[in-house]
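In full-length UniProt numbering, the protein residues as written are 1 to 159. Each residue gets a CB set at the ideal place from its N, CA and C atoms; glycine is no exception. Note that the coordinates shown come from a computational prediction; the quantities given were computed from them, not determined experimentally. Below: one structure, written as C-alpha cells.
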C-alpha cells in the first residue's frame, strides 16, 4: 500500500492555551455577573421586608378610601386599583387613572403594588377578613356601574 492511498487520520488538536484562558475568563465573568445579580436581589428582598408594615398600612388606607365612596372619583380609582390587583382578568384597570389621585393616595397605591409584587399570597390575604372586604369592593363597583348616568342637559336649548 502506498502512502498516497492511506487515509489521513484526524489530527487531534491539542487544547490551546488561549482557548482555555478565554473559556476561563468567560466562566469567571458569568460567575461574577450571577453573584452581582444575587447580591442585588438580596438587597431588594431585605428592603421589601422592611417596607411590609408601611405597605400594609397603605393598603388599609386605600381600603378605607375605596369603601368610603367620597364621590370625588378618588375612592373609585382606589377601589378599581385594588380590584385590579385582586383579579386583573375580571377587573381591568388603566394605570393612567392613578395620575388623578392625590399624591398621598398615589404613594399608597405604589406601596401596595410593591407589596403585591413581593408577597407570595394574593393581596386580599394580606389583611384580616380580606375576602369579605374585596367582595364588598365588588359590590360597591357593581352598584356604581348600575347607577343611572346623569344626563348632560347643558347643550339643550329652549325652542
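Identity of the residue in the options nearest residue i by Cα
| i | options | result |
| --- | --- | --- |
| residue 113 | 94, 132, 59 | 59 |
| residue 99 | 92, 118, 89, 77 | 77 |
| residue 64 | 120, 127, 21 | 127 |
| residue 118 | 41, 35, 68 | 41 |
| residue 137 | 85, 111, 101 | 85 |
| residue 54 | 125, 81, 109 | 109 |
| residue 73 | 97, 83, 57 | 97 |
| residue 49 | 90, 32, 115, 95 | 115 |
| residue 47 | 69, 111, 91 | 111 |
| residue 93 | 35, 141, 124 | 141 |
| residue 66 | 80, 56, 57 | 80 |
| residue 124 | 75, 62, 102, 69 | 62 |
For residue i, the three-state DSSP class (helix, strand or coil)
| i | result |
| --- | --- |
| residue 93 | coil |
| residue 80 | helix |
| residue 101 | coil |
| residue 122 | coil |
| residue 16 | coil |
| residue 112 | helix |
| residue 5 | coil |
| residue 130 | helix |
| residue 87 | coil |
Environment of residue i [buried if 16+ CB atoms lie within 10 Å]
| i | result |
| --- | --- |
| residue 134 | buried |
| residue 105 | buried |
| residue 68 | exposed |
Within-8 Å CB hit, residue i to chain B
| i | result |
| --- | --- |
| residue 57 | Looking at the structure shown, chain B is missing, and only one protein chain is on hand. |
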